[in-house]
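Chains as they are written, first to last, in this note's numbering: chain A, 1 to 479; chain B, 480 to 958; chain C, 959 to 1009.
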Amino acid sequence: PSGQYDCDMLVLGAGPGGYSAAFRAADLGMKTILVERYASLGGVCLNVGCIPSKALLHVAAVMDEVSHMDTLGITFGKPQVDLDKLRAHKTKVVGKLTGGLAAMAKMRKVTIVRGYGSFVDPHTIEVEETTGTGQDKTGTKKKISFRNCIIAAGSQAVRLPFMPDDPRVVDSTGALELRGQPKKMLILGGGIIGLEMGTVYSTLGARLDVVEMLDGLMQGADRDLVRVWQKMNTPRFDNIMLKTKTVGAEATKDGILVKFEGEQAPKEPQLYDLVLQAVGRSPNGKKIGAEKAGVTVSDRGFIPVDIQMRTNVPHIFAIGDIVGQPMLAHKAVHEAHVAAEAAMGEKSAFNARVIPSVAYTDPEVAWVGLTEDQAKAQGIAIKKGHFPWTASGRAIANTRDEGFTKLLFDAETHRILGGGIVGTHAGDMIGEVALAIEMGADEIDIGKTIHPHPTLGESIGMAAEIAHGTCTDVPPARK
Amino acid sequence: PSGQYDCDMLVLGAGPGGYSAAFRAADLGMKTILVERYASLGGVCLNVGCIPSKALLHVAAVMDEVSHMDTLGITFGKPQVDLDKLRAHKTKVVGKLTGGLAAMAKMRKVTIVRGYGSFVDPHTIEVEETTGTGQDKTGTKKKISFRNCIIAAGSQAVRLPFMPDDPRVVDSTGALELRGQPKKMLILGGGIIGLEMGTVYSTLGARLDVVEMLDGLMQGADRDLVRVWQKMNTPRFDNIMLKTKTVGAEATKDGILVKFEGEQAPKEPQLYDLVLQAVGRSPNGKKIGAEKAGVTVSDRGFIPVDIQMRTNVPHIFAIGDIVGQPMLAHKAVHEAHVAAEAAMGEKSAFNARVIPSVAYTDPEVAWVGLTEDQAKAQGIAIKKGHFPWTASGRAIANTRDEGFTKLLFDAETHRILGGGIVGTHAGDMIGEVALAIEMGADEIDIGKTIHPHPTLGESIGMAAEIAHGTCTDVPPARK
Amino acid sequence: KPIASPAVRNRAWELGIELQFVHGSGPAGRITHEDLDVYLASRGQPGAVGA
Ligand SMILES: Cc1cc2nc3c(=O)[nH]c(=O)nc-3n(C[C@H](O)[C@H](O)[C@H](O)COP(=O)(O)OP(=O)(O)OC[C@H]3O[C@@H](n4cnc5c(N)ncnc54)[C@H](O)[C@@H]3O)c2cc1C
Ligand SMILES: Cc1cc2nc3c(=O)[nH]c(=O)nc-3n(C[C@H](O)[C@H](O)[C@H](O)COP(=O)(O)OP(=O)(O)OC[C@H]3O[C@@H](n4cnc5c(N)ncnc54)[C@H](O)[C@@H]3O)c2cc1C
């Protein structure tokens, strides 16, 4: 049915957004072409993001766990780390998933075109063929015409202009390469990505410094959640520098010498074996010739879209990191399905109420929907159910009772508006809170749902009972 | 307001049912007395059940995890096990929780009376004081009168009559005492409790045999879930004897010599260092003089109750293991709240649709609501969403992708009826499936709820998408 | 804000129904699929949605 075009659907970029869009389009019967500059599918998330970071974080979590086991009666020897083998493990994990994607693309008859794509007009893209493990161009170019297009070209790590070009200065991709075991590491930016990588390196032996311009780490999460993480993680850090900027850096024989300015800046420049730039990601909107297709791109490189993920050009859609915050894989996937269905003429729309966030640190920090900070700022009256894991049998049995689960309810309707969990496996449980919000559940709905004992998951039921005033696993509410 | 009685509410037994009932009653303003024969509150669950078993299972899980870490590049020495220290850890975990209960009882002004209680008439119980760590009677007796009563006297492990009285023959309580590291252990009964304890002992070095009269282990769970557990756990067992009975046992110098009969019975009697009786639990209904209060007790010792947990005597309620299956702590707690509220004159009723079950083995097995076996037996047309964890990035990153998540939907209304998860942390995630069932969610509700990536929890969203036909993380549905 | 589950919200959007005009018969006024059916029947033909 593609008629005058080479395909019904061209998807630009094969990250979680792009492959999901292409697969959905193919499943709906469209002749689909997926253009990707790199050799393997999966984009940032599978190749240099979500997945390799979690493979390493899992290993780090086990190592950290083991280091406390002697107090429980089990003593292990000091672990021997084989970096090559660890790296190979990470590569294998990534390979399993990207290999799976390639196989599924074939089953769906999605044609993969390797190369760098750039629009030449509203129905045509030019692809410059690339080769090898990077994006080296072969010089071959071809034009592909399409009836519909979904732009899923993602984002790139931001680099500070004054950072020296040196192997000891890396972004998250470089950090994931795990080239060595630095003794002293600086994390630029106190966001999730930097703190996750810091966790890995610190468990492997590095002392950490972190510098953040704002007045707290892990922005976006409520401070009470972050406080628990921070208390547990203070031993990893020599110096947490808030409201502080990096103003210069110099590569020396002994390390990277970094200068700071701001409230908590050390007077002297500091020396590091490894500097991780994790100051944010910028969208790739300006690198794909969008103007040739007539697609509007914002100054910062984002592509504005409507609730069906449609750009200003009706047959061109955009999804994922390139359309805006939050830059998260699960957002990209859900947007992808909407875009593919909308292109097919279905009335799909992106109308999820909430998108959860998770820091896969140790403990994990997960939150979804309204935060307490937002409630305060927006003057929304809330009722809180706060269940401390010191009252959770399972958390105590796991010797990890530092966490808590809190749910925020509308003070008037008692409907759940948001929630946060800090503690081990928080990320695996926040989905229930998201479902509760989407379903419009109230404190009784959640509290009267029987959660199995003893689990960490029952903390969600308990938090709802606390809000409702019926919990008997915590001290009585003061009257 | 207790008037002519010593209290408004007397609760018999301080297990999860009893303490929750007493605390709820006190929170509602009743003058409450809690009678318990043992020194510490918490009943079976906290002292010799849920909690100590999970404390040991956690340690076992870490040990098992570590044994695979060398393939990931981290090599630990062979672990040294200090049984005394491990036992002390378990005791400390239990002590934290039971100590917490005692403190909370005080805050709520719940009076604890230590002793063995037995009804003398519909408004009076006689308590024979007990002392020490067991239930030794001091000889002192006192009568306590009550306006309302909640019976929460729980259950007891069933003992096979022909089992010799020998320290090498234990029930779950004995097994939790961790007196040694047997080389060869027999588990009588293939239920959750036996398999959990077997997991602990096998990780500590025992080879396992299990004997079960029925044709499969972990009855109640769908076979596809159990199959995954069994495949992972086969290495722990020398012999899984199904459709087989134990017909005799003899204590010898070299061990307990056990004779079997049935389909998979070995011809010769087998010798074991430790025999765990885990063939079920029987309710304590016949041991409390219920007839004196006029309370009906079934032949098997259960106390029949209505939806408000009321026995045939209107001011006497019963909850927990003593009222019937499933014998689970979370059921007891929810029933407790209902009973206390009903006694207070509130219109509460136990109307949860589903009660989840979890085997805290490795991997965990969790299920809730309708099973596939039940659907088949009852002729209910279902639509299944089955998400294999081989497609889960997080499971692969954790090197634990053997699991799966399945959801069962009504074929016509698309509402969720049940679900099962096998895999690490399954128990922490099954609560979301329970909430979905209680809320009457359908496949779109769950699938369109954005779950964070990469988590094990997102497998629930994926399974719903698969049922709906919109998942792009698995191969396309065959047409 | 009217309460409705994702499936009900999606269907309402596809049908061009504004949920604030629909009576919710579920617990706490939750709008169900059946409520959408009733609304549709009373309103007649579903209208188109401006994208
Ligand atoms: C270290 C790290 C950890 C992260 N962890 C998580 C996490 O745990 N959870 C989470 O939700 N998110 C995480 N993220 C964010 C997540 O990776 C992104 O949100 C997600 O990858 C966005 O998907 P996307 O499809 O929009 O874009 P991308 O994944 O960026 O994919 C875009 C694709 O398009 C290709 N491309 C771009 N331009 C062109 C062109 N002109 N021609 C051809 N191909 C092109 C790129 O090569 C790339 O493959 C993490 C990110 C990083 C860096
Ligand atoms: C090894 C093991 C592991 C388990 N694991 C789990 C699990 O992980 N999750 C789960 O949900 N369930 C689990 N269970 C089951 C769980 O322990 C029970 O369902 C739960 O304890 C029942 O609570 P209850 O309040 O009804 O009774 P119980 O916990 O049995 O408490 C009854 C209390 O009443 C007291 N009592 C009895 N008669 C008298 C009397 N006449 N006078 C004074 N006091 C009296 C007893 O001493 C006891 O303290 C496990 C059980 C075992 C044995």
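Where is the CB? At the ideal position from N, CA and C, for every residue including glycine.
In this model, Thr949 of chain B and Leu10 of chain A are separated by some 19 Å (Cα to Cα).
Residue nearest to Gly15 of chain A within the set A:His334, A:Thr472, A:Leu456 is A:His334 (criterion: CA-CA distance).
If you draw a straight line from the Cα of Arg638 of chain B to the Cα of His89 of chain A, it comes to about 49 Å. Boundaries of the beta strand (DSSP E) around Thr32 of chain A: 32-36.
Within the segment 33-65 of chain A, the runs of alpha helix (DSSP H) that reach at least 4 residues and sit entirely inside it are, in chain order, 43-48.
Interface annotation, Asp924 of chain B: in contact with chain C, CB-CB separation under 9 Å. Excluding residues up to 5 positions away in sequence, Leu736 lie with their Cβ nearer than 6 Å to the Cβ of Glu729 of chain B in the same chain.
Proximity of Pro16 of chain A to chain B, defined by a Cβ-Cβ separation below 9 Å, is satisfied. As the crow flies, the alpha-carbon of Val35 of chain A is around 12 Å from that of Cys7 of chain A. Collapsing the DSSP output to three states places Ala14 of chain A in coil. Taking a C-beta cut-off of 9 Å against chain C, the contacting residues of the segment 349-360 of chain A are Ala349, Asn351, Ala352, Arg353, listed in chain order. Within the segment 152-191 of chain A, the complete beta strand (DSSP E) segments at least 3 residues long are 155-157, 184-188, listed from N- to C-terminus. Taken through DSSP and simplified to helix, strand or coil, Gln787 of chain B comes out as coil. The segment 360-370 of chain A makes contact with the segment 418-431 of chain A; the number of CB pairs closer than 8 Å reaches 3 or more.
Of the heavy atoms belonging to ligand 2, at least one sits nearer than 8 Å to the Cβ of Pro452 of chain A.
Annotated as distal: Arg207 of chain A and Asp165 of chain A, with beta-carbon spacing of 9 Å or more. Distance from the CA of Leu935 of chain B to the CA of Thr590 of chain B, rounded to the nearest whole angstrom, comes to 44 Å. Of B:Ala854, B:Glu691, B:Gln709, B:Lys738, the smallest CA-CA separation from Leu721 of chain B is found for B:Glu691. Beta-carbon to beta-carbon, Met30 of chain A and Pro955 of chain B are separated by about 13 Å, too far to satisfy the 8 Å threshold. Taking 8 Å as the cut-off, one finds at least one heavy atom of ligand 2 near enough to the beta carbon of Ser634 of chain B. Distance from the CA atom of Gly73 of chain A to the CA atom of Gly764 of chain B, rounded to whole angstroms, is 39 Å. Around the beta carbon of Gln325 of chain A, fewer than 16 other beta carbons sit within 10 angstroms, so the residue counts as exposed.
Pairing Met429 of chain A with Thr609 of chain B, the inter-Cα distance amounts to about 43 Å. Chain-order list of chain C residues neighbouring Thr928 of chain B: Pro964, by C-beta distance under 7 Å.
Where Gly906 of chain B is concerned, the enclosing alpha helix (DSSP H) starts and stops at 905-918. Taking 9 Å as the threshold, the shortest C-beta distance from Arg415 of chain A to chain C falls below it. Flagged as an interface residue toward chain C: Ala920 of chain B, by a C-beta distance shorter than 9 Å. By the Cβ rule, the segment 930-947 of chain B counts as touching the segment 856-868 of chain B, because three or more pairs are nearer than 8 Å. Secondary structure at Val333 of chain A: helix, using DSSP grouped into helix, strand and coil.
Distances from the CB of Tyr38 of chain A to the heavy atoms of ligand 2 are all 8 Å or more. By the rule that beta-carbons nearer than 9 Å mark a contact, His904 of chain B touches chain A.
Considering only beta carbons, the part of the segment 372-399 of chain A lying closer than 9 Å to chain B consists of Thr390, Ala391, Gly393, Arg394, Ile396, Ala397, Asn398, Thr399, in chain order. Put simply, the backbone Cα of Glu675 of chain B is about 22 Å away from that of Ile450 of chain A. Nearest in C-alpha terms to Thr884 of chain B, of all of B:Val689, B:Gly858, B:Glu911, B:His893, is B:Glu911. Pairing Gln308 of chain A with Gly926 of chain B, the inter-Cα distance amounts to about 17 Å.
For Asn712 of chain B, the enclosing alpha helix (DSSP H) stretches over residues 702-712.
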